[in-house]
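As you go down the protein sequences, you meet chains A and B in turn.
Quick note: the first sequence uses our numbering, first residue 1, plus one each step.
Quick note: the second sequence uses our numbering, first residue 117, plus one each step.
Encoded as structure tokens, the structure appears first; notes follow it.
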Amino acid sequence: MDALMGFDPRRVVKFAGLGALLLFLCWQHVQATRIGYRVEVTRRTARALRSRVADLRLKVDETISPAALAARANTKLGMIPATPDSLRSLSGGESSAVGLLPRLWARLPIALPLRS
Amino acid sequence: MDLGLRLTVAASLSLAPLLPLGARLAYLQILRHDSLSTRASGEFSRVAQEAAPRADLLDRHGKVLARSIPSWSCFVDKAMVKDPAAFGAKLAPLLKMPAGDIARKTRAAYRFAWLKTRMSQEEHQKLVEARVEGLGLVPTQERVYPNGDLARGVLGLVGAEGRGLAGLELSQDKRLSGRARRLEVIRDGQGRSIYKNVADAGDMPEPLHLTLDRTAQYLAEEALREGGEKGQFKEGIVAIQDPNNGEILAMAAWPPNPLRNPLVQDAFEPGSTFKVVTALAAVDDRVVLPDELFSGEGGKWQVVPGVTITDHEPEGDMNLAQIMERSSNIGIAKVADRVGAARFYRLARAFGFGAKTGAPLPGESSGELKPMSDLTKVGLAASSYGYGLAVSPLQMLGAYSALANGGILWEPKLIADGKPPVKVRRVASERAVLEISAMLEGVVDRGTAGSARIPGYRAAGKTGTARKIDPLTRKYSTSAYTASFAGFLPASAPRWTILVILHEPRGAYYGGLVAAPIFSRLGSRLLTLSGLPPDRPAAPSLTARR
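In structure tokens:
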């Protein structure tokens, strides 16, 4: 009976540990639920943002579609399709000099005396 | 009595009523645990699905041709709606639909009915805030085509359930479809969701790259649209292929129809564009010499008693090149007679006529090539200039690509999957193919396809004009024609094979007059965009005028 009514520090530590564990488990459960709510809200926000991004990308794609570009080029800028014979290739007329210094030298308006 | 015994008895007596409770608890927790647990989780937990987007369809340069975007659909649960009229009136401004329509749909539903699909995020948000009883919202994916009708015959169509119904969307449905992500969520007392875990991570398919070139496709459709909108023909087809590997760059049809791709699904009597088969057989087997002359018979020739072939112009003596340039039916029939039915048939088969090409599109036509037993003298003569047989536009495109690349028939390639192009076979010797290519250049320079010329560039091709069969009389019509032109450019090093087919052109109906100009216009645009240098020196007179 004395042992039953007496104060046993080891038993108190055990009960306190058990209580702390229970509190921790409760806290963990509450946190998990709270995070679960936040994940769900974030998931919805992400979906809304993905939807917005998709809408914007669609607008970009529609804006740069060939038909839209051609219509704008024609009506707003007054451009007409070029024909192959209206193009002049500049690459053929360029100096054959290779490298930076030779190209700069070739551009200088200095006429070298011709050897004849 | 001993204190301990008394305490034990007192405790036992006070705990005795709890024994049945414990037994019941053990029964519920242990014996019926699984069934009750499932029932309980069904009450407050559910699986939420996030619809997987279909894979994007991209052109060869990564430009988007088809894309999936998130959207919402809403439905009515009739069992939860007490007054359909009030339900309709409440939803009408939110759904932007007449209240009567909503009420009618609700009344007509057995329990469930879709009210609106393809709703935006904003519309969804408004409906969530409105908290209308009996209304449900489901996340879905909407298929969009940012370029409008561009290449719709090739791309096809997706149904409301997200399944492909036509075109590549149908043939590649499995490859394009993703697997929905599944999330387990639980609901609290207010109906709010709490994320639990990911049940299935799902599968997001990679975009599908096509060999189509968006710009070339646009140019091909534009080339057709002008004439189509003016009613210059009933139906039109333009296709572009890279002759060096069989890649399809454009497939255009007028009028545009996402449910049908006439380039693959239709077959037509080609007319004179088929003469290249006869000519190639003759040159490959050396049964006709380059300067050997055939009589044009003044434009009329009786093949057998009662069967006469005519030319559109009376012709005299012609060699093979001139037969091609003037598109003489009589001349080519005589050449076919020299070639023989067996060789002609073998070469036509080698070109892939009468067999499916293997294009990854649904409903491909194999065309119709007469069996060799039907190639009598008359049958062979008619087949030599493209009558009495049917070919699909894709087969004809492949055949001219083989002529452009020196004689290799490639399997048409529409999906850029990184695999090397499939070489089907060599159709004829390179020598013979080069000779025919030179003849086809002559057709453009001196023959029936003058309007296919492009200043500064060498082009090669053949015109075709065929009478159509009148579906009522089952005889050749005297007013409905198929005009076509098949060719390639630049002839010095071909980069594009172009096929133009116009069904029932109004007014002028010769391929050289209506189809060849489209080839020229399209070829000119392609050359301009590519920046290829001219492969034909400018004519002196032109230079002087400039």
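The beta-carbon is built from N, C-alpha and C at its ideal position, and this holds for glycine as well.
Item to check | DSSP bridge partner residues for residue 434 of chain B (one or two, in chain order) | outcome: B:410
Next on the checklist: Please list the terminal residues of the continuous alpha helix (DSSP H) segment that includes residue 378 of chain B.
Outcome noted: 378-381
Item to check | Straight-line Cα distance separating residue 613 of chain B from residue 356 of chain B | outcome: 6 Å
Checklist entry - If you measure from the beta carbon of residue 130 of chain B to each beta carbon in chain A, is any gap under 7 Å? => result no
Checklist entry - Can we say the stretch 534-543 of chain B touches the stretch 369-382 of chain B, given the rule of at least three CB pairs closer than 8 Å? => result no
Next on the checklist: Just to check my reading of the structure: residue 408 of chain B and residue 435 of chain B have Cβ atoms closer than 8 Å, yes? What is that Cβ distance to the nearest angstrom?
Outcome noted: 6 Å
Checklist entry - So what does residue 255 of chain B bridge to, in DSSP terms? => result B:188
Checklist entry - Given that residue 573 of chain B touches chain A, what residues does it touch there, using C-beta distances under 8 Å? => result 84
Checklist entry - Would you say residue 324 of chain B faces chain A, with C-beta separation under 7 Å as the test? => result no
Checklist entry - Got a sec: is the Cβ-Cβ distance from residue 39 of chain A to anything in chain B below 7 Å? => result yes
Checklist entry - Along the stretch 67-79 of chain A, what residues have a CB closer than 8 Å to any CB found in chain B? => result 67 and 70
Item to check | Delimiting residues of the alpha helix (DSSP H) encompassing residue 619 of chain B | outcome: First-last for residue 619 of chain B: 612-619, but that is the beta strand (DSSP E), not the alpha helix (DSSP H).
Next on the checklist: When you compare the CB of residue 25 of chain A with every CB in chain B, is at least one pair closer than 7 Å?
Outcome noted: no
Checklist entry - I think residue 467 of chain B touches residue 405 of chain B, with their Cβ atoms under 8 Å apart; what is that distance to the nearest whole Å? => result Rounded, the Cβ-Cβ distance is 24 Å, inconsistent with contact.
Checklist entry - Whose Cβ in chain A lies nearer than 9 Å to the Cβ of residue 451 of chain B? => result The contacting residues do not exist; residue 451 of chain B stays about 35 Å from chain A at best.
Next on the checklist: Quick check on residue 644 of chain B - is its C-beta less than 7 Å from some C-beta in chain A?
Outcome noted: yes
Checklist entry - In angstroms, rounded to a whole number, what distance separates the CA positions of residue 82 of chain A and residue 236 of chain B? => result 41 Å
Item to check | Cut-off 8 Å between Cβ atoms - residues of its own chain near residue 629 of chain B, not counting five sequence neighbours on either side | outcome: 567 and 599
Checklist entry - When burial is assigned at 16 or more other CB atoms within 10 Å of the CB, is residue 95 of chain A buried or exposed? => result Because the pLDDT at residue 95 of chain A is just 48, under 50, the model does not fix this residue reliably, and the value given afterwards should be weighed accordingly. Burial call: exposed.
Checklist entry - What residue ranges within the stretch 298-326 of chain B form continuous beta strand (DSSP E) runs of no fewer than 3 residues, ordered along the chain? => result 309-316
Item to check | Close beta carbons around residue 213 of chain B, own chain, < 7 Å, minus the five adjacent residues each side | outcome: 232
Checklist entry - Nearest chain B C-beta to residue 17 of chain A closer than 7 Å, yes or no? => result no
Next on the checklist: Contact criterion: CB-CB distance below 7 Å. Does residue 136 of chain B meet it with respect to chain A?
Outcome noted: no
Checklist entry - Taking Cβ positions only, does residue 162 of chain B come closer than 7 Å to chain A? => result no
Next on the checklist: Would you call the stretch 568-585 of chain B in contact with the stretch 549-558 of chain B, where contact means no fewer than 3 C-beta pairs closer than 8 Å?
Outcome noted: yes
Checklist entry - Is residue 523 of chain B near residue 542 of chain B, with beta carbons less than 7 Å apart? => result yes
Item to check | residue 249 of chain B - DSSP class collapsed to helix/strand/coil | outcome: coil
Next on the checklist: Determine, for residue 10 of chain A, whether the minimum Cβ-Cβ distance to residues of chain B falls below 7 Å.
Outcome noted: no
Checklist entry - From residue 658 of chain B to residue 563 of chain B, what distance separates their C-alpha atoms? => result Low per-residue confidence applies at residue 658 of chain B: pLDDT is 44, beneath 50, and the placement is therefore not dependable, though the value from the model is reported in the following sentence. In a straight line, the C-alpha of residue 658 of chain B is about 21 Å away from that of residue 563 of chain B.
Checklist entry - Apart from the five residues on each side of it in sequence, which residues of its chain come closer than 7 Å, Cβ to Cβ, to residue 383 of chain B? => result 481, 483, 484, 506, 507 and 508
Checklist entry - At a CB-CB cut-off below 7 Å, which residues of chain B make contact with residue 33 of chain A? => result 310
Checklist entry - What does residue 180 of chain B touch in chain A if you count any residue whose Cβ is under 7 Å from its own? => result 61
Next on the checklist: Quick check on residue 237 of chain B - is its C-beta less than 7 Å from some C-beta in chain A?
Outcome noted: yes
Next on the checklist: Counting only C-beta atoms, is residue 262 of chain B closer than 7 Å to chain A at any point?
Outcome noted: yes
Checklist entry - Are residue 440 of chain B and residue 395 of chain B touching if we call contact CB-CB under 7 Å? => result yes
Checklist entry - Which whole-angstrom value describes the C-beta separation of residue 519 of chain B and residue 560 of chain B, a residue pair presumed to lie in contact below a C-beta threshold of 8 Å? => result Actually they are not in contact, since the Cβ atoms of residue 519 of chain B and residue 560 of chain B sit about 13 Å apart, beyond 8 Å.
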